[in-house]
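S.K.: Heads up, the first sequence stops at 316 in our numbering, and the numbers go up one at a time, no gaps.
A virtual CB, placed ideally from N, CA and C, is assigned to each residue, including glycine.
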Amino acid sequence: MQLRAMSLSRSLPATTESSNPFVSFCYSPTAMTPTKRFKRTGSRNSLQPSEPVRKTRRSLRPKPNPSPQSPIPFGKTKTLHRDFFLIDALDLAPRLLGKFLRREDVVLQITEVEAYRPNDSACHGRFGVTSRTAPVFGPGGHAYVYLCYGLHMMLNIVADKEGAGAAVLIRSCAPISGLDVIQQRRGLKTEKPILLTGPGKVGQALGLSTEWSNHPLYTPGGLELLDGPEPENILVGPRVGIQYALPEHVNALWRFAIAGTPWISAPKNTLRPAL
DNA sequence: GAAAAGATTAAA
DNA sequence: TTAATCTTTTCC
């Protein structure tokens, strides 16, 4: 199913607005049909919906759906205005959910993010402006890419006005277009969530290096952020891997994800429905 | 100038 | 559970 939507979009020219791949994706019958498995039960356990059905035979189980929710149809897909990014990272983070990241033929939909803010003991900006973190202190709407553990390229989207020092980490995405390129870069011939759930995986799938740091995302060309459907429900939780920070920042619920999607990194059991 | 630690991942 | 891997930042 997923492959059908993707190969369909690949067959279309992706350069002009009128024939962009998302329109065909969002109107494709498979994308418009929500899978039963993702329906909310309304019980107290919010995580129930995203877990696979246990007692169904493997061959009968529905495959992971690249569409995190029923997409809201939208006519034109375009880059967002730079003003979109000039807000508190805590406000920007959830608004990035559902949006599209595009680099040439590869298109990913953002499914999980984390906010990093001024006066945040977990934020890279906590040491002030350095050669690495300079983009974080620039105006919102630019990429901030850094090397983590000497291996992984982590993509952030700079938030707020110039001088603030805030950014949103992209933790997970769903593949929308360019699956073969994504798989090639990842070295994985799969379409399961393992392909793109984790910040290092997103950077690898987009073929990023630190040279992309400070690249504007609101102008056509290179790496772009495009408008996308707003998720129906959102999950929140504490951020991952920041045990070195102050308790108030370790515990802050600044991690956001689209409810019901399988495209969320570990740990998932710390996420709860937003109010 | 040296050393520790890190917004992680994949394999055992 | 742990090794891989290297830049950034801090400490002496």
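On a Cα-Cα basis, can you pick out the residue from 146, 197 and 209 that is closest to residue 129?
M.R.: Looking at the Cα atoms, 209 is the closest of the given residues.
S.K.: Got a sec, what are the start and stop residues for the alpha helix (DSSP H) residue 203 sits in?
M.R.: Element bounds for residue 203: n/a, residue is neither H nor E.
S.K.: Could you compute how far the alpha carbon of residue 155 sits from the alpha carbon of residue 164?
M.R.: 11 Å
S.K.: Taking the alpha-carbon positions, what's the residue 120 to residue 269 distance?
M.R.: 10 Å
S.K.: Residue 224 by DSSP, collapsed to three states: which one?
M.R.: helix
S.K.: Buried or exposed: which applies to residue 126, given that a residue is buried once 16 or more other Cβ atoms fall within 10 Å of its Cβ?
M.R.: Flag for residue 126 reads buried.
S.K.: Is residue 155 helix, strand or coil by DSSP?
M.R.: strand
S.K.: In chain order, what residues of the same chain lie with their CB nearer than 6 Å to the CB of residue 248, ignoring the 5 residues before and after it?
M.R.: 226
S.K.: If you check the beta carbons only, do residue 185 and residue 199 fall under 7 Å apart?
M.R.: yes
S.K.: Give a yes or no on whether the C-beta atoms belonging to residue 203 and residue 176 are separated by under 7 Å.
M.R.: no
S.K.: Measuring only the C-alpha atoms, how far is residue 133 from residue 230?
M.R.: 33 Å
S.K.: Out of curiosity, what's the CA-to-CA distance linking residue 215 and residue 275?
M.R.: So the alpha carbons of these two residues sit roughly 16 Å apart.
S.K.: Quick check: the Cα distance between residue 301 and residue 273, rounded to an integer number of angstroms?
M.R.: Straight through space, the alpha carbons of residue 273 and residue 301 are spaced by roughly 10 Å.
S.K.: Could you tell me how far apart the beta carbons of residue 251 and residue 187 are, in whole angstroms, since I believe they sit closer than 8 Å?
M.R.: 6 Å
S.K.: Suppose you measure from the CA of residue 261 to the CA of residue 240; what does that come to, to the nearest Å?
M.R.: If I take the Cα positions, the gap works out to 23 Å.
S.K.: Among all the DSSP beta bridges, which residues are the ones paired with residue 215?
M.R.: 150
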